[in-house]
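Oh and the sequence shown: position 47 is 46 in numbering that gives the first Met the number 0, straight run, nothing missing.
The beta carbon of each residue, even a glycine, is placed where N, CA and C say it ideally should be.
These numbers were taken from a predicted model, which means no experiment stands behind them.
Before any comments, here is the structure.
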Amino acid sequence: MTHVEYKTSGTCAKAIRFDRDADGRIHNISFDGGCNGNLKAVSRLCEGMTADEIAAKLAGNLCGNKGTSCADQLAKAVLSA
Numbered sequence: 000m001t002h003v004e005y006k007t008s009g010t011c012a013k014a015i016r017f018d019r020d021a022d023g024r025i026h027n028i029s030f031d032g033g034c035n036g037n038l039k040a041v042s043r044l045c046e047g048m049t050a051d052e053i054a055a056k057l058a059g060n061l062c063g064n065k066g067t068s069c070a071d072q073l074a075k076a077v078l079s080a
């Protein structure tokens, strides 16, 4: 399993951490900062998905007028890993 730490941009969360297994599935997602309850839910919902599955659901999701969101940053993070 490969551990990844992704520095976010434009969100309240400062970093996203997760593991990627040999089959490309994402596990153990956690956020450093951000809206704790919502991000725990996002992490649980995405557990075991592939990067493409996560990106298909979350990419382009925006928070206010920020031009991104923690969910959008997760999509970018898993695709970059």
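Spatial distance of residue i from residue j (CA atoms)
{"i": "residue 1", "j": "residue 41", "result": "20 Å"}
{"i": "residue 26", "j": "residue 9", "result": "24 Å"}
{"i": "residue 38", "j": "residue 7", "result": "14 Å"}
{"i": "residue 60", "j": "residue 73", "result": "10 Å"}
{"i": "residue 78", "j": "residue 14", "result": "15 Å"}
{"i": "residue 68", "j": "residue 4", "result": "17 Å"}
{"i": "residue 18", "j": "residue 28", "result": "7 Å"}
{"i": "residue 20", "j": "residue 66", "result": "30 Å"}
{"i": "residue 76", "j": "residue 47", "result": "15 Å"}
Residues bridged to residue i (per DSSP)
{"i": "residue 82", "result": "With the chain represented from 0 up to 80, any question about residue 82 goes unanswered, as that position is not in the structure."}
{"i": "residue 49", "result": "24"}
Terminal residues of the alpha helix (DSSP H) in which residue i lies
{"i": "residue 31", "result": "Where residue 31 is concerned, there is no enclosing alpha helix (DSSP H), although the beta strand (DSSP E) it sits in stretches over 25–31."}
{"i": "residue 76", "result": "69–79"}
Expected contact under 8 Å - CB spacing of residue i and residue j to nearest Å
{"i": "residue 53", "j": "residue 62", "result": "Not really, about 17 Å apart at Cβ, beyond 8 Å."}
{"i": "residue 33", "j": "residue 58", "result": "Actually they do not touch by this definition, with Cβ atoms about 17 Å apart."}
{"i": "residue 80", "j": "residue 55", "result": "Rounded, the Cβ-Cβ distance is 16 Å, inconsistent with contact."}
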